[in-house]
Amino acid sequence: MNKLTKWLKITNQYSTDDNDQKPSHLLLNGFKLYVKDENLEIFNKKYAEVISENEKLYIVECRKNIFKLFFDLDFLLSDEKYEIIKTKIENNEENIFIEFIKIINDVIYDFFEQYYNCIVTTADDKKVKKICKDKDNPEKVDSKELIKKGFHLHFPDINTNKNIALEIRKTCIKRLNKYKNFFENTVSDILDEHVFTTSGLRLTGSRKGHFISQTKEFVDEGRPYNLLYTLKSNEHNLDMLEEYKKDYILLVNKTSIITIDDYITNIKNNPNLECDDCEQETYNNNDINNLPNSSWKRLSKDDVRHIEILRFFNIYVKDYTIKDIKRVFYSENESVYILCSQSKYCTNTGKNHNSEHIYFKLNKDGICQKCFCRCDTMDGRKHGYCKDYESEYLPCTPQLRKVLNFKEIKVDKTKILKNNKNNDDDININCLFDNLRMEWYNQFTNKEKLPSKKKYNKKM
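As numbered in the numbering used here, residues 121 to 580 make up the sequence shown, in order.
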């Protein structure tokens with residue numbers, strides 16, 4: 121009997137006086153443990169000591185309401201794909217698994233606005249059989265042999281709960297969609313959901329096994345999860361790796377999903393609250409320095425108008441920040457200024473769009489927010505289509521009006537379609553501005569030009 125088992129029996133960690141208390145650990149040979157919070161440090165220490173002595177243990181940690189963030193990844197690969205990946209890793213050419221994991225870290229950064237230390241453990245590869253159905257003949261069932269490769273990702277400094285973990289997983293699945301046809305299982309299957317909804321996670325160093333009830337025999341499957349990589353700021357960190365290699369107790373504590381903390385690490389953003397109707401983002405990496413429409417020019421950052429516009433924006437425009445304003449354009453008669461923003465937060469939806477950005481229009485009436493989104497949907501919209509929306513105007517200060525020398529709008533009639541029956545100035549400016557927005561939309565998203573639509577009679 122090892123020292124951990126002795127301690128568990130002496131301290132009676134196998135039972136509890138509270139019938140409603142959930143177990144802290146499950147033993148894969150059929151027992152349950154009820155280790156109290158004040159005993160967790162001692163438990164982990166004795167566990168680490170026994171594992172270091174090459175004892176075989178089979179322990180799963182049960183997920184509490186608040187736990188340390190983790191992921192359980194299981195990849196299924198054909199023999200051919202497995203050999204290709206293995207060769208590339210051995211030749212230091214490419215490690216698709218690390219790239220996969222780094223994208224998950226990027227998603228976590230989007231939620232928390234910082235990178236957290238990530239500990240990666242892995243188990244020996246395993247041959248498995250996958251049941252396959254014939255699409256042409258659903259009644260025909262076949263199987264093929266695949267290779268299973270597993271990883272556990274641990275984030276010891278992030279306390280979370282089931283709902284937040286599932287939100288992070290949801291965003292990860294979207295971001296990892298490019299791998300959807302590479303592996304033999306889907307991205308959703310790779311990022312195991314059950315560890316957040318029903319089960320927990322095997323302790324680092326614990327082996328897998330199962331109990332055969334008919335013969336009352338316990339079968340050792342092996343495959344303990346052991347330390348593989350450590351990531352700091354989403355890059356390999358050898359110092360941290362060596363620290364955990366030398367101190368197994370520290371490794372067990374850091375990779376344990378159980379926490380006695382009663383707080384959750386606050387998330388700063390939730391990408392899943394963005395507009396799902398927008399298309400996937402396909403940026404043109406080239407900066408937009410100039411507009412193809414000669415009626416609009418870019419305002420220099422050294423220009424006193426640019427400086428005054430940003431000063432006004434910083435003081436009076438709420439819910440946005442000037443660091444997102446990257447370019448300012450102005451019309452040839454200097455009656456309208458456009459502030460290009462990297463923000464996707466739209467006041468018409470009250471949340472972020474999935475890909476399309478917003479921008480600001482500034483004229484003698486003040487500044488308002490407008491949007492590049494061209495989705496033909498009213499879902500979640502407060503004031504009509506986003507493509508037609510503009511927020512309430514925030515009036516210019518006397519100082520800004522003076523610097524920009526705002527005056528009555530003068531329209532170049534040659535820029536307007538001759539068959540435009542509504543020939544008042546407001547409609548003409550609307551047409552010019554809509555053409556500009558179309559040019560920007562195509563450059564921002566790198567999409568083909570959309571079919572022109574019938575001019576509307578909505579006043580800007």
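Even for Gly, the Cβ is constructed at its ideal location relative to N, Cα and C.
Taking all protein chains shown into account, do 16 or more other C-beta atoms lie within 10 angstroms of the C-beta of residue i, making it buried, or fewer, making it exposed?
| i | result |
| --- | --- |
| residue 325 | buried |
| residue 163 | buried |
| residue 383 | exposed |
| residue 332 | exposed |
| residue 402 | At residue 402, the pLDDT of 37 sits below 50, so the modelled position is not reliable and the matter cannot be decided from this model. |
| residue 344 | buried |
| residue 212 | exposed |
| residue 231 | buried |
| residue 149 | exposed |
| residue 273 | buried |
| residue 133 | buried |
| residue 374 | buried |
| residue 314 | exposed |
| residue 380 | exposed |
| residue 468 | buried |
| residue 502 | exposed |
Helix, strand or coil for residue i, going by three-state DSSP, please let me know.
| i | result |
| --- | --- |
| residue 181 | strand |
| residue 343 | coil |
| residue 495 | coil |
| residue 295 | helix |
| residue 364 | helix |
| residue 224 | helix |
| residue 218 | helix |
| residue 289 | helix |
| residue 378 | strand |
| residue 392 | helix |
| residue 355 | strand |
| residue 371 | helix |
| residue 402 | Caution applies to residue 402, whose pLDDT of 37 falls short of 50 and renders its modelled position unreliable; the value that the coordinates give is listed next. Of the three classes helix, strand and coil, the one that applies to residue 402 here is coil, per DSSP. |
| residue 232 | helix |
| residue 282 | helix |
| residue 200 | helix |
| residue 269 | strand |
| residue 152 | strand |
| residue 246 | strand |
Just the Cα atoms here: how many angstroms apart are residue i and residue j?
| i | j | result |
| --- | --- | --- |
| residue 241 | residue 350 | 9 angstroms |
| residue 175 | residue 122 | 8 angstroms |
| residue 428 | residue 522 | 10 angstroms |
| residue 246 | residue 267 | 6 angstroms |
| residue 276 | residue 348 | 16 angstroms |
| residue 443 | residue 295 | 25 angstroms |
| residue 226 | residue 490 | 29 angstroms |
| residue 196 | residue 179 | 24 angstroms |
| residue 216 | residue 346 | 19 angstroms |
| residue 328 | residue 265 | 20 angstroms |
| residue 319 | residue 430 | 52 angstroms |
| residue 426 | residue 484 | 16 angstroms |
| residue 463 | residue 439 | 10 angstroms |
| residue 459 | residue 387 | 29 angstroms |
| residue 188 | residue 370 | 15 angstroms |
| residue 263 | residue 252 | 5 angstroms |
| residue 126 | residue 152 | 15 angstroms |
| residue 437 | residue 220 | 39 angstroms |
| residue 181 | residue 145 | 5 angstroms |
| residue 390 | residue 335 | 50 angstroms |
| residue 418 | residue 477 | 19 angstroms |
| residue 186 | residue 281 | 5 angstroms |
Would you give the residue range spanned by the alpha helix (DSSP H) that residue i belongs to?
| i | result |
| --- | --- |
| residue 165 | 160-172 |
| residue 145 | Per DSSP, residue 145 belongs to no alpha helix (DSSP H); it is in the beta strand (DSSP E), 145-147. |
| residue 442 | No alpha helix (DSSP H) contains residue 442, which DSSP labels as neither H nor E. |
| residue 521 | 518-524 |
| residue 315 | 314-317 |
| residue 469 | Taken as a continuous stretch (DSSP letters only), residue 469 belongs to no alpha helix (DSSP H), as it is neither H nor E. |
| residue 129 | 123-130 |
Taking the beta strand (DSSP E) that residue i belongs to, which residues open and close that run?
| i | result |
| --- | --- |
| residue 432 | No beta strand (DSSP E) contains residue 432, which is instead part of the alpha helix (DSSP H) from 424-436. |
| residue 383 | No beta strand (DSSP E) contains residue 383, which DSSP labels as neither H nor E. |
| residue 445 | 445-451 |
| residue 188 | 187-197 |
| residue 457 | 457-461 |
| residue 310 | From DSSP, residue 310 is part of no beta strand (DSSP E) but of the alpha helix (DSSP H) over 307-310. |
| residue 328 | 328-332 |
In the DSSP output, which residue or residues are listed as bridge partners for residue i?
| i | result |
| --- | --- |
| residue 263 | 251 |
| residue 489 | 480 |
| residue 239 | 274 and 350 |
| residue 418 | 449 |
| residue 581 | The question about residue 581 has no answer here: the residues shown for the chain are numbered 121 through 580. |
| residue 338 | 331 |
If you measure from the beta carbon of residue i to each beta carbon in chain C, is any gap under 8 angstroms?
| i | result |
| --- | --- |
| residue 188 | The displayed structure is made up of one protein chain only, and chain C is not part of it. |
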